[in-house]
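Quick note on the working numbering: the sequence shown kicks off at 2 and runs consecutively.
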Amino acid sequence: MRNSSRPVSIHLVKTKTARDRIAELTAEIRRLNDLYYGTGDSPLPDADYDALKDELAALVAEHPELEPADSPLSTVNAPTELTGPTVRHARPMLSLAKATGDEQVRAFCDRFAGQVFRVSEKLDGLSLSVVYDGGRLDYVATRGTGAVGELVTDKARWVLPDLPTQIAAPGRVEVRGEAVMLRSTWEAYNAAHPDKPLTNPRSGAAGTLMQKDPEAAANAGRLLRFFAFGADRDGAALDVEALGIDAAAQVVCPDADAVVAAIAAIADRRNGLDYDIDGAVVRLHDPAAFDAAGFNSAEPRGAIAFKFPPEEKLTKLLAVEWPVGKIGRVPPRARVAPVFVGGVTVENITLHNPRLIRERNLRIGDTVAVVRRGDVIPFAGRSIAEDRDGSEQEIVPPARCPSCGSELEIRGTGEERWCLNLQCPAQATRRLMHWASRAAADMEGVGDIWIEKLADDGVLRRRSDFYALTVEQLLGYERMGEVSARKMVDSIERSKGLGLRRALIGLAIPMASDGTAKRLCLAGYERIEDVMAATAEELVAIRDIGPKVAESIAAFFARPEVVEEIAALREHGVSLDVLDEDRPVDTATASDSPLKGKTVVITGAFTDPRTGAKVSRPDVTRLVEQAAATTASSVSASTHYLLAGADVGASKTAKAEQLGVRVVEQPELWRWLAQAGVA
Ligand SMILES: [Zn+2]
């Protein structure tokens, strides 16, 4: 035997650790998803968020038995709370029971012996309910909670251009299916937006239907396709394609053997498709039989979802690099011999952190199993020890920074390496890129490649150096034309109005998130100099700013080079003062109105009665807060009013009525706001 059995106790200890870590990661990813979809506020850079999902995926791959039932890996980053206008689905959009092997599929078919089945590709996108009334598009809603979906009709009109707005069918017709981003669309979008690529088609699809400005998204090429699974009028099935709507590929099967063969055929063609699928759906073909099968708790009995196992391919681990991040983290990144896995060619993979490299005993030259699953970056699940010939080299984390040579510190359970040298050139370049990024100064015309080049040349050393760049200077570079040079300088000039919140984000203060920047503005700091003068004790008094973050901010602004840099930015006329949109709401001036001092929940879509213009949710929140009311996210016994705009789902008002909370409609709300003197 090649493998001697391991002592049981060690295995148990490892499993327990993995279980704890999986629980920890699951909770954290869920929290971040809720934050992101609740407030649009992401407290972590995308790459760090991906790293968390990645680590979870790695642990789950090693311990599939520990995967949580509602794993954030298997959901499309769905928010647990709906934030926009909602609608109650005519029939709930339920998830399906899962099968991972042929046995389970056969058991399902046996339960319905004599029935005809339908097998379709299980598209990996976003489930939608599309409703037509009298031949015209009435609304498009997401799956949402299953019972209540979020209305995305206006967004769908832009980003789903192939979805007909009229069909030749009378009555109320509901079409259900999946919105996906084609791989070819995804690739074209990423080629055109190298600075802001979409991680993968699946998260691209979900993100596209959440865009605040769907017109801009559509113009930028973020377009989706809709494939229907079925359509019905009052429960009677309709032919989807006869309605002029694309249907998901499906095949009718007379028995279990045919079903199993159909699933295998789907798996075979999986990688050749222009869209991602993650399995197959088997359901009773006859709608009446499907309905008659009924439901068990949350799942219809008449259908089952076959999930493909994550695809795993073997390749060679060629080299390990240790790039330096903007705040000094030095993570391992591996190059592998190109391998086609999960529909894409993979050359770079993550190894997570030094602890996992050590625990998995990965070596350079090893044959490794590369896994790409859902929306996580590919990772090396394990190495194949049997393939070793002795020439493999151990992966040794660097003791010194690959960029500046200073000694690295080891931190955290992942034994991550950190460069603490504030003058480290690699960190400086990453920080310049971050300053120019969308979340901070948003210098649209300045790409990372040019930042790197200018930094290597010593022209760009500090953030304030951006503002001294001239067209003439840029024209001195090969491959830099007049138009691009002008575009760069103009976009730098325009970015000067960034304001305090974005400046705080752009400074990349260790431990401070985008949310911290927002909270500092809301806490009443007007100028960056005010934040610089604040002590850690003062900062920790701010809501949601903990002692570690407070100390980190104070220490950051105590650095002489930071003080000098702020002064240089000021000299160039860069705005480091709070913008109106980031200011706290002034409630002191509110006149008396029924809103004053009350707790309210806002739901639905709002329209200004004087102009007929749509009023965004944040604007309604702001007006209501200016009228000295407090807003809450869900109705509870302590809610005074439910402020209901248009398109409000019945569940929300029903819950309010049940709790004795008064439902206030728009006309009354606008009267109250006028009374309060804020609208
Ligand atoms: Zn360094």
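Ideal Cβ placement from N, Cα and C applies to all residues, glycine included.
From a predicted model like this one, the values you see are computed outputs, not experimental measurements.
- Sixteen is the threshold: since fewer than 16 other Cβ atoms of the shown chains lie within 10 Å of the Cβ of Thr346, the residue is exposed.
- Between Glu552 and Ala537, the C-beta gap is smaller than 8 Å, which places the two residues in contact.
- Rounded to the nearest angstrom, the gap between the Cα atoms of Val662 and Pro585 is 28 Å.
- Residue pairing of Trp419 in beta bridges, as defined by DSSP: Arg330, Glu410.
- Contact between Leu97 and Ala306 holds: their C-beta atoms lie close to 4 Å from each other, under 8 Å.
- Here the residues close to ligand 1, judged by CB distance below 5 Å to any of its heavy atoms, are Cys402, Ser404, Cys405, Cys420, Asn422, Cys425 in chain order.
- For the pair Leu521 and Val575, the CB atoms are not nearer than the 8 Å cut-off.
- As summarised for the stretch 89–119, the continuous beta strand (DSSP E) elements at least 3 residues long and confined to that stretch are 98–100, given in chain order.
- Gly477 is classed as exposed because its beta carbon has fewer than 16 other beta carbons within 10 Å across all chains shown.
- Taking 8 Å as the cut-off, the beta carbon of Pro355 is found no closer than this to the beta carbon of Asp277.
- The beta carbons of Asp269 and Phe309 sit about 11 Å from each other, so the pair does not count as a contact at 8 Å.
- In the assembly as shown, Phe296 is an exposed residue. Its beta-carbon has fewer than 16 other beta-carbons within 10 Å.
- Lys615 has Thr608 as its beta-bridge partners, per DSSP.
- For Cys254, the enclosing beta strand (DSSP E) begins and ends at 251–254.
- As summarised for the stretch 528–575, the continuous alpha helix (DSSP H) elements at least 4 residues long and confined to that stretch are 529–534, 537–541, 548–559, 561–572, given in chain order.
- Cβ neighbours of Val260 within its own chain (closer than 7 Å, five residues either side excluded): Val106, Cys110, Phe118, Val120, Cys254, Val283.
- No Cβ-Cβ contact shorter than 8 Å links Leu53 with Glu68.
- Residue state for Thr600 is assigned as strand, using DSSP reduced to three classes.
- For Thr654, no beta strand (DSSP E) encloses it; the enclosing alpha helix (DSSP H) starts and ends at 651–659.
- Annotation: the continuous alpha helix (DSSP H) that includes Tyr190 extends over 184–193.
- Taking the Cβ atoms as the reference, Asp55 lies roughly 33 Å from Phe558, outside the contact range of under 8 Å.
- Judged by DSSP in its simplified three-state form, Asp581 adopts helix.
- Setting aside the 5 residues that flank it on each side, Val550 is surrounded in the same chain by Met512, Ala513, Thr517, each with a C-beta closer than 7 Å to its C-beta; the list follows chain order.
- Its chain contains Trp323 as the residues whose beta carbon lies nearer than 6 Å to that of Pro403, once the 5 sequence neighbours on both sides are disregarded; these appear in chain order.
- Between the stretch 648–665 and the stretch 586–593 there are fewer than three C-beta pairs closer than 8 Å, too few to call the two in contact.
- A straight line joining the alpha-carbon of Arg418 with that of Leu409 spans about 6 Å.
- In the DSSP assignment, Leu521 falls within the unbroken alpha helix (DSSP H) covering 515–523.
- Note that the C-beta distance between Val160 and Leu210 is below 8 Å.
- Between Ala677 and Ser617, the gap from beta carbon to beta carbon reaches 8 Å or more.
- Looking at the DSSP output, Leu239 bridges to Ala232.
- Look at the beta carbons and you see the stretch 384–398 not touching the stretch 437–452: under three pairs across the two are nearer than 8 Å.
- Phe296 carries a strand assignment under DSSP once its states are collapsed to helix, strand and coil.
- Per the DSSP secondary-structure output, Ser128 pairs in a beta bridge with Glu179.
- When the Cα atoms are used, Asp287 and Arg112 turn out to be separated by approximately 15 Å.
- Short of 7 Å from the beta carbon of Ile506, and not among the five residues preceding or following it, lie these beta carbons of its own chain, in chain order: Ala440, Ala441, Asp515, Ala518.
- For Ala386, no beta strand (DSSP E) run applies, since DSSP gives it neither H nor E.
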